Structure formats: C-alpha cells, structure tokens
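A.B. asks: Everything in the sequence shown is counted per the working numbering, starting at 20 for the first residue and increasing by one. If you scroll down you'll find the structure; I have some questions about it.
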Amino acid sequence: MDETTEKPKAGIVHLGLGAFFRAFGCIYVADAMAASGGEWGIVGVSLRSADVRDSLRPRNWAYTAVTMAPEGETMRDIEVLTEVLVAPEDPAAVLRAMADPAVKIVSLTVTEKGYCHDPATGAVNFEHPDIVHDLAHPMPVSAPGYILRALQMRHAAGEPPFTVLSCDNLPDNGALVRDVILGMAQRLDPALADWIAAHARFPATMVDRITPATTPSDITRISAALGFAEAAPVLHEPFCQWVVEDDFVGNARPDLAAAGAQMVADVSAHEHMKLRMLNGAHSALAYLGYLGGHDTIAQTVADPVYATYLRQLWSEVLPAVTPPAGVDLNTYADALFERFANPAIQHKTWQIAMDGSQKLPQRLLHTLAVNMEAGRPSTMILLAVAGWMRYAAGRDEAGGVIDVRDPMAERFTDIATTHQTPAEMVAGFLALQEVFSPELAKALRTPITNIAQHLWAKGARATMQEMQP
Numbered sequence: 020m021d022e023t024t025e026k027p028k029a030g031i032v033h034l035g036l037g038a039f040f041r042a043f044g045c046i047y048v049a050d051a052m053a054a055s056g057g058e059w060g061i062v063g064v065s066l067r068s069a070d071v072r073d074s075l076r077p078r079n080w081a082y083t084a085v086t087m088a089p090e091g092e093t094m095r096d097i098e099v100l101t102e103v104l105v106a107p108e109d110p111a112a113v114l115r116a117m118a119d120p121a122v123k124i125v126s127l128t129v130t131e132k133g134y135c136h137d138p139a140t141g142a143v144n145f146e147h148p149d150i151v152h153d154l155a156h157p158m159p160v161s162a163p164g165y166i167l168r169a170l171q172m173r174h175a176a177g178e179p180p181f182t183v184l185s186c187d188n189l190p191d192n193g194a195l196v197r198d199v200i201l202g203m204a205q206r207l208d209p210a211l212a213d214w215i216a217a218h219a220r221f222p223a224t225m226v227d228r229i230t231p232a233t234t235p236s237d238i239t240r241i242s243a244a245l246g247f248a249e250a251a252p253v254l255h256e257p258f259c260q261w262v263v264e265d266d267f268v269g270n271a272r273p274d275l276a277a278a279g280a281q282m283v284a285d286v287s288a289h290e291h292m293k294l295r296m297l298n299g300a301h302s303a304l305a306y307l308g309y310l311g312g313h314d315t316i317a318q319t320v321a322d323p324v325y326a327t328y329l330r331q332l333w334s335e336v337l338p339a340v341t342p343p344a345g346v347d348l349n350t351y352a353d354a355l356f357e358r359f360a361n362p363a364i365q366h367k368t369w370q371i372a373m374d375g376s377q378k379l380p381q382r383l384l385h386t387l388a389v390n391m392e393a394g395r396p397s398t399m400i401l402l403a404v405a406g407w408m409r410y411a412a413g414r415d416e417a418g419g420v421i422d423v424r425d426p427m428a429e430r431f432t433d434i435a436t437t438h439q440t441p442a443e444m445v446a447g448f449l450a451l452q453e454v455f456s457p458e459l460a461k462a463l464r465t466p467i468t469n470i471a472q473h474l475w476a477k478g479a480r481a482t483m484q485e486m487q488p
C-alpha cells in the first residue's frame with residue numbers, strides 16, 4: 020500500500036489472526052468495501068505470540084494472498100488490516116479496541132480448543148485454567164475472556180454490544196460461543212448476562228477454504244516473484260465459500276453478499292454438510308494417511324487404496340447429511356475429491372491431525388451416532404476413529420515418535436504407556452469423557468477394538484485394503 024493511501028477506519032476486531040482468516044475473511048471484507056463502501060478496517064489480534072504482528076509490520080499490515088490452482092499461482096495484495104495487536108503484550112489495548120463504539124463486529128478464528136469448552140457437551144469448561152483466570156482477573160487471556168470483558172466495558176459505558184462472529188469449524192458455532200459467553204457472564208455478573216442475552220448477537224457461520232501452512236520455501240519463492248520481501252503471505256485454494264446467518268446488532272455489517280458470501284437465515288444445513296463431508300474426510304485422511312506414510316492430502320488421495328476408502332467413507336456419511344436446498348451431495352463429494360487432489364495445495368496430514376480431541380466429536384462422532392441410531396453401517400468411519408487412536412498413541416507404524424499436538428497430549432501419553440494391547444488402548448481412549456460420551460463409548464468398544472487389532476498389527480493401508488470389497 021502506498022503510505023499516502025488512507026486506510027479504512029476499524030469496524031472489526033478479529034481474534035486469532037492466523038493464515039486461515041487472512042485467506043478468506045480479510046479478502047471478503049476488502050471486496051465488500053470495494054463494492055459498497057463502509058469503514059470496515061480490521062484490527063487483528065494475536066492471542067499468543069508476536070510472530071504475525073512482526074511479519075506484517077514491515078508492509079504496514081498489507082500482505083499477499085496466493086491462489087494455488089493446478090495450472091499455476093496468482094497473487095493479490097490485501098490491504099484491509101489497520102493494526103495488529105499482541106494480546107499478551109498489552110491486553111488493555113485489545114480491550115480498548117474491542118470496546119470502541121466504532122467497532123461493530125468481533126470475529127474469531129481460534130480453533131476448537133480456543134473456546135475453552137467441553138467438546139462432548141459444548142458447555143463452557145469452568146475448570147479450564149484460562150476460564151478460571153478470566154473470571155478472577157480483569158485482564159483476560161482467552162478469546163471468550165476478551166469477549167466477555169469487552170462486553171462488560173460496553174455495558175458499563177452505556178454503549179450497544181458488538182456482534183460476535185465465530186468463523187471456526189464448530190457445529191452451531193454461533194450458539195456455542197453464545198453459550199460459553201453467557202455461562203461465564205452468569206458467574207461474573209447475572210445482570211451483564213441478561214444484557215448480553217437481550218442485546219448481543221452471535222450469528223452462525225460456515226467457512227470453506229483449504230489453507231495450507233506457509234513454509235519458509237513458500238516465503239522465499241513468493242518474495243522472489245514479487246521482487247520484494249514478503250514475510251507474511253497466505254496460500255489458499257481457488258474455492259471459497261462463506262455462509263453467514265444474517266443476524267447482526269443493528270444490522271451493522273459489511274456488504275458481504277456483494278463480495279460473494281451467502282447471507283442466510285439458517286446456516287445449519289451448510290455447516291453439517293461441510294463438517295461431516297469435508298472436515299470429517301480431512302481428519303480421516305490425516306490420521307490414516309499419516310500412518311500410511313503420506314505427507315499431504317493430495318498424496319494421500321493419489322494412492323488408489325485411499326481414494327477408494329474416501330469414496331466408501333462418503334457413502335457412509337451421505338445418509339447422515341441433509342443437503343442445503345439445491346445441493347446434490349454426490350456432486351458435492353465429487354467436487355471435494357477434486358479439491359483434495361489439487362497437487363498445488365500441499366496440505367500436510369500432520370497439520371490437519373492437530374487437536375484431534377477437539378475435532379473428533381463434530382467431524383466424525385456425530386455422524387457415527389446418527390448412523391448407529393438409524394442402524395446404518397459405519398465401518399469406514401470406525402476405521403477413522405481407530406486411526407485417530409493409533410496416531411494419538413504417539414508412535415508411527417515404523418516405531419518412530421509422532422509429535423502429537425493436542426490439548427490432551429499428556430493424557431494420550433499416559434494411555435499409551437500404561438496400556439499394552441490394542442484392546443486396552445481403545446478402552447483407555449474411549450474413557451476420555453471429554454471426547455466420548457459414556458453411551459457412545461460403550462457402543463463403540465467392540466467394533467473399534469476389532470478394527471484396532473487389525474490396524475495395529477497390519478498398518479493403515481493394509482487394513483484399509485483388507486476392509487474394501
């Protein structure tokens with residue numbers, strides 16, 4: 020951006036300014052302002068480290084978005100960010116930004132674990148150390164804590180609340196973050212909870228864009244192509260979809276429809292389709308593909324055994340999905356396969372495998388529960404769950420150590436070191452009530468154990484091939 024160009028004033032604060040939001044949300048907002056105007060500049064907030072802030076600062080918060088298509092790359096400058104704050108350095112500055120009446124929306128992409136909730140129930144986890152801290156101290160550390168304290172400041176100042184816009188891959192993400200915030204507010208100040216419930220808005224959203232992690236070699240290549248140092252590019256596939264429940268405080272929002280977003284009354288059909296078909300398949304391929312020696316999703320689906328498995332997995336998932344109006348699920352699955360197979364997208368199986376304890380319930384277990392209630396077979400979904408357990412146990416099929424990134428990693432290690440046989444390990448994982456309800460765990464024990472015994476003995480690819488007709 021030319022230094023003489025006037026930036027838009029901030030109308031949005033975004034918590035969790037990683038590559039994912041910069042690859043879709045910032046682009047939609049920039050396009051909405053280009054189409055219809057408005058002051059919707061974005062103050063980005065890093066909740067942990069200064070890395071994103073430091074990499075964006077040299078270009079005055081502008082960055083390059085790279086579309087990675089099979090036929091080649093295209094690059095675009097994105098100039099919607101007005102500032103980037105680092106929460107641990109100055110939490111008060113973050114709260115001041117969120118409490119500013121000019122800010123109408125606080126959006127967030129903090130991953131499943133960032134909501135500090137119980138994945139099995141969706142309720143706020145009052146024993147989570149960040150929640151304990153945030154209810155006891157005015158300067159918060161968690162995303163829910165920042166939202167709660169900023170709403171408290173708005174309430175005290177007599178200002179209207181902002182809209183809270185979750186963009187994470189969670190079922191009913193708007194209702195989930197609302198329940199977390201209201202649960203905390205009820206403990207902190209019941210009158211504040213009543214005000215939030217009456218006046219704040221928490222629209223649900225569904226976001227779909229594959230965004231692989233940016234590597235040092237990507238930065239080198241992109242900087243060379245641009246002719247200047249670009250420290251913070253984001254890479255993404257050509258496809259993008261943003262479905263947003265049109266429920267904002269005072270109807271204050273960018274013209275997202277002009278930018279191509281779908282503004283709807285109910286997101287749930289789009290959300291369930293994506294979580295169960297795309298995200299569920301991604302997780303299944305991540306665990307089983309990693310175990311089978313595949314580094315990326317594109318490599319995994321290029322393996323004919325895994326490609327057949329993916330189609331069989333979707334055949335089990337489809338009956339549990341009610342499609343949005345006008346969507347054919349088989350056509351949607353075909354399009355997903357093409358996106359997964361895009362060789363330009365180096366989406367690491369290890370990257371997708373992170374935080375499985377937080378992802379498993381909505382991506383795979385909900386579908387399993389629906390199928391079990393209907394009496395439908397779910398052999399390939401069960402294999403995916405067993406694959407997660409094999410992966411989470413921390414050893415690959417050659418005996419090497421897996422760097423398992425998960426909030427429950429220490430408990431996984433305890434299971435792996437205190438249980439010897441596959442049956443014992445399955446029992447240990449099914450006992451994790453934060454992931455599996457007791458009823459589901461009881462129903463899954465025998466079928467998962469049967470699959471796990473093959474998986475541990477023969478490996479992922481051979482087991483998968485053995486189970487295929």
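Note that beta-carbon positions come from the ideal geometry of N, C-alpha and C, so glycine has one too. Source: prediction; values computed, not measured.
Look at the alpha carbon of M57 and the alpha carbon of F181, and state the distance between them as a whole number of angstroms.
C.D. replies: Here residue 57 is Gly; the residue named in the question, Met, does not match the sequence. G57 and F181: Cα-Cα distance of roughly 17 Å.
A.B. asks: Can you tell me where the alpha helix (DSSP H) with R76 in it begins and where it stops?
C.D. replies: Neither: R76 is in no alpha helix (DSSP H) and is coded neither H nor E.
A.B. asks: What are the partner residues of W261, as DSSP defines its beta bridges?
C.D. replies: V226
A.B. asks: Which word fits M117, buried or exposed, when buried means at least 16 other C-beta atoms lie within 10 angstroms of its C-beta?
C.D. replies: buried
A.B. asks: With the cut-off set at 8 Å, would you say G141 and L207 are in Cβ contact?
C.D. replies: no
A.B. asks: Near K26, what residues of its chain come up, given a Cβ to Cβ distance below 7 Å and the 5 sequence neighbours on each side ignored?
C.D. replies: G60 and T101
A.B. asks: Is the stretch 217-226 touching the stretch 179-193, taking contact as three or more C-beta pairs under 8 Å?
C.D. replies: yes
A.B. asks: Report the three-state DSSP secondary structure of M203 (helix, strand or coil).
C.D. replies: Three-state result, M203: helix.
A.B. asks: A232: which of A216, T315 and I166 sits nearest, CA to CA?
C.D. replies: T315
A.B. asks: Using the Cβ count rule (16 or more neighbours within 10 Å means buried), how would you classify M296?
C.D. replies: buried
A.B. asks: Decide if D153 is buried, meaning its Cβ has at least 16 other Cβ atoms within 10 Å, or exposed.
C.D. replies: Classification for D153: buried.
A.B. asks: Where in the stretch 396-475 do unbroken runs of the alpha helix (DSSP H), each at least 4 residues long, occur, reported from the N-terminal end onward?
C.D. replies: 398-411, 428-437 and 441-449
A.B. asks: Thinking E335 and I400 are a contact (beta carbons under 8 Å), I'd like their distance in whole angstroms, please.
C.D. replies: 6 Å
A.B. asks: Can you check which of these residues, L189, A354 and G246, is closest to L379 by C-alpha distance?
C.D. replies: L189
A.B. asks: In chain order, what residues of the same chain have a beta carbon less than 7 Å from the beta carbon of L66, not counting five sequence neighbours either side?
C.D. replies: L34, G35, A106, V129 and A162
A.B. asks: Given this structure, state the Cα-to-Cα distance separating E9 from L170, to the nearest angstrom.
C.D. replies: With the chain covering only 20 through 488, there is no way to say anything about residue 9.
A.B. asks: Rounded to whole angstroms, what is the Cα-Cα separation between E443 and T437?
C.D. replies: 9 Å
A.B. asks: Between which two residues does the beta strand (DSSP E) containing A88 stretch?
C.D. replies: Y82 to A88
A.B. asks: Whose C-beta lies closer than 7 Å to the C-beta of A462 among residues of the same chain, with five residues either side of it excluded?
C.D. replies: M391
A.B. asks: I think A300 touches L337, with their Cβ atoms under 8 Å apart; what is that distance to the nearest whole Å?
C.D. replies: 11 Å between Cβ atoms; not a contact.
A.B. asks: Classify P488 as buried or exposed, calling it buried when 16 or more other Cβ atoms lie within 10 Å of its own Cβ.
C.D. replies: exposed
A.B. asks: Hey, is A317 close to the ligand COA, as in C-beta under 7 Å from one of its heavy atoms?
C.D. replies: The model depicted lacks the ligand COA and carries no ligand whatsoever.
A.B. asks: Can you have a look at G406 and say buried or exposed, based on whether 16 or more other CB atoms are within 10 angstroms of its CB?
C.D. replies: buried
A.B. asks: Determine the closest residue to P148 out of G164, K477 and R358, with distance taken between C-alpha atoms.
C.D. replies: G164
A.B. asks: If you scan the stretch 236-300 from start to end, which runs of the alpha helix (DSSP H) of 4 or more residues do you find wholly inside it?
C.D. replies: Listed in chain order, they are 287-292.
A.B. asks: Does H385 come out as helix, strand or coil in the three-state DSSP assignment?
C.D. replies: helix
A.B. asks: Between which two residues does the alpha helix (DSSP H) harbouring H218 extend?
C.D. replies: P209 to H218
A.B. asks: Please identify the residue among A243, E264 and N270 whose C-alpha is closest to the C-alpha of A280.
C.D. replies: Nearest in C-alpha terms to A280, of all of A243, E264 and N270, is E264.
A.B. asks: So, do the stretch 351-368 and the stretch 419-434 have three or more beta carbon pairs nearer to each other than 8 Å?
C.D. replies: no
A.B. asks: Looking at the structure shown, is G30 part of a helix, part of a strand, or coil, going by DSSP?
C.D. replies: strand
A.B. asks: Counting only the same chain and skipping the five closest in sequence on each side, list residues whose C-beta sits under 6 Å from that of R120.
C.D. replies: Looking at the sequence provided, one finds Pro at residue 120 rather than Arg. Excluding sequence neighbours, P120 sits near E178.
A.B. asks: Is the beta carbon of P157 closer than 8 Å to that of R168?
C.D. replies: In contact: R168 and P157 (Cβ atoms closer than 8 Å).
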